[in-house]
Each structure stands twice: as C-alpha cells, then as structure tokens.
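S.K.: For the sequence shown, the residue numbers in our numbering are 24 to 292.
The structure's right below; bear with me while I get my questions together.
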Amino acid sequence: MSYAARVWNDNWMNFSVLRHGAFDGFLVTSKNSGTHWVKYMLAVALADTYGIPRPEYFSENAVRPYIGWPKDDVTFPQLPRLAFSHTIPHRLADWDAARKLAGLPPYALCVRHPMSILASHHAKWEYDIQVDWLEYLRGDPDGKRYRCDLYWLARFWNRWGEVEAKFPASILRVQYEATRADPRGTLEAIARHWGIQLKPDAIDAAVAAGTKEAMALKVDPNAEPNVLQNRQQSLAELFSGEAMDIYASRVRELFRYDLGYDLMSPPAV
C-alpha cells in the first residue's frame, strides 16, 4: 500500500467519527502528546467536582470510566459523556450536513511539536520496534511498521488541519507546550469549550495530581511501560546532520498544515 492509498483509506474508511455524536466533549490527541497526563488531570477534576472516587492510576484503563473510548459503557452516569481517541477523521467530518446529522461534539485537539513527538515515541518504544533513530525517522509510508512516525503525523496533522480550517469554532487546539506552561489554563479552556463546570478547587487538585512526581506514585503495574520516560538526548542533538535532512525532507513533502508550530525548529520545551 502506498502513502496515497493509506491516506485514502484513513479519509474514507474510518467511520468511527459517527459515534462521536453521543458525547458532550471529545478529546483527540496526537500520539505522545501528553495524552495520559491531560486525561488524568481531567479525570481527577471530574471526580472531585462530581463527588466520585478518583482513578487509582493514570493509566488508560484506570481513566476510562471518566474519559474512555467511544465504545465504552457508561460507568458514572452523573458525569458528562466524554471520550478520547487518536482518530484521523472521515471526510464526513468536513461536510456541514453530515456534521449536523451526526451531531458531532466540540473537540479538544491536543498536539505537540512533531520533533518532540518523534523523539518521545522512539524513546518509549525502542525496545519494541528495535530500529535505530535514523531508520525510524525515515518512516513507513504504508503505516504498518510503527504506531507513530512522520507519515502518521502528516496524516493526522493534515486531516485535523482541514477540519479546523473549515470549522474553527468546533475545535480547541491544545498545544502540549502551552499546557506545560499553564496546566490550569488548559483544563479551564477545555471545560469551557465542552460546556462543563469544574470546581476551582477540583482543578487545583488535578494540577497537583498531574505533576510528574505525583504521577510517579500512580503507575499502574499492569499498564504499558515507559509512559514517564526521560529522554537522554536533546532535540538539538537528535535533529542534526542526516537526521534533520530526513525530517525536513519528509515535512516539506507531506505536511500541509502546521497547527501553529514552526515545524523546522525545535520547541523551547
């Protein structure tokens, strides 16, 4: 399968977006963009606001009763219906009539600079994919070899960029770097966008629970490893020489939207 064929398949064969109408708010995240962190903080804030137990861990399964996959059954009926996904949306998400028919919810689109995503993903999954940095950067146009690479990021960036350009009011773009700088502001902005009320002290508690030190005490022993990994090399070191040549070439070739980033320069954080 060529890259063009994979793009067509993503754009026309993924009908999961039709399930999104059942929700009050939807969190869409690029991979390795603080997904566990943001979901855990939101879950803690929801739990404290609505007077239900907090999640025991920050793992995906522990947080699913609060913000789960679209197919999940309701665990806490008193909560607003929220879900998350890494989905690349069907072309129906571009069509006004289809959007209204499906009743698509407001989206919080969580993204991170692609350089950081790639470095984080390779550090996290190197034990599994077992390829060196340069080979990983070259990527797989067919989309079968890696959970996330430059080709996957281009498909995700371009589709959500298209939807955001056409329906800007429906999407709140949440940059990981801004969340790092002001996690409380991010939680408040997402709650406003979804039209839900979170108590101020619940948001305070969520921000405190979302520090790396606090989350290190909430690691699920049965969850995927390396979520709180600490990459050793800087982005400037990783994206130099041949690595930067590969990255820049793929970005110029594939990306049509930047989602607010300077794609050719490493982020400050």
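Where a beta carbon is used, it is the ideal one built from N, C-alpha and C, also for glycine.
None of these values were measured; they are calculated from a predicted model.
Under a Cβ-count criterion, where at least 16 other Cβ atoms within 10 Å of its own Cβ denotes burial, should Ala142 be classed as buried or exposed?
M.R.: In this structure Ala142 is buried. Its beta-carbon is surrounded by 16 or more other beta-carbon atoms within 10 angstroms.
S.K.: So, is Thr52 buried or exposed, given that buried needs 16 or more other C-beta atoms within 10 angstroms?
M.R.: buried
S.K.: If you follow the beta strand (DSSP E) that Gly48 is in, where does it begin and where does it stop?
M.R.: 48-52
S.K.: Once DSSP output is grouped into helix, strand and coil, what is the label at Arg77?
M.R.: coil
S.K.: So, with DSSP's three-state summary, where would you put Ala131?
M.R.: strand
S.K.: Helix, strand or coil: which one does DSSP assign to Ile140?
M.R.: helix
S.K.: Who pairs with Ala106 in a beta bridge, going by DSSP?
M.R.: In the DSSP assignment, the residues bridged to Ala106 are Phe49, Gly91.
S.K.: For Met287, which residues of its own chain have a beta-carbon under 8 Å away from its beta-carbon, when the five flanking residues on both sides are left out?
M.R.: Ala271, Val274
S.K.: Does the region 104-114 come close enough to the region 197-208 to have 3 or more Cβ pairs within less than 8 Å?
M.R.: no
S.K.: Which of the three DSSP states is assigned to Ile194 in this structure?
M.R.: Three-state DSSP puts Ile194 in a strand.
S.K.: Taking all protein chains shown into account, do 16 or more other C-beta atoms lie within 10 angstroms of the C-beta of Asn55, making it buried, or fewer, making it exposed?
M.R.: buried
S.K.: Secondary structure at Met287, three-state DSSP: helix, strand or coil?
M.R.: In this structure, DSSP gives Met287 a state outside helix and strand, which the three-state scheme calls coil.
S.K.: Return the CA-CA distance between Trp35 and Arg203, expressed in angstroms with no decimal places.
M.R.: 35 Å
S.K.: Quick one: what does DSSP say Asp163 is sitting in, helix, strand or coil?
M.R.: coil
S.K.: Does Asp224 pass the burial test, meaning 16 or more other C-beta atoms within 10 Å, or should it be called exposed?
M.R.: exposed
S.K.: Is it a yes or a no for the region 28-45 touching the region 122-139, going by three-plus beta-carbon pairs under 8 Å?
M.R.: Verdict: yes, contact present.
S.K.: Helix, strand or coil for Ile111 per DSSP?
M.R.: coil
S.K.: Under a three-way DSSP split, which group does Leu336 fall into?
M.R.: No answer is possible for residue 336: it lies beyond the span of the chain, which begins at 24 and ends at 292.
S.K.: With DSSP as the reference, label Tyr148 as helix, strand or coil.
M.R.: First, the amino acid is wrong: residue 148 is Trp here, not Tyr. In this structure, Trp148 counts as helix in the three-state DSSP scheme.
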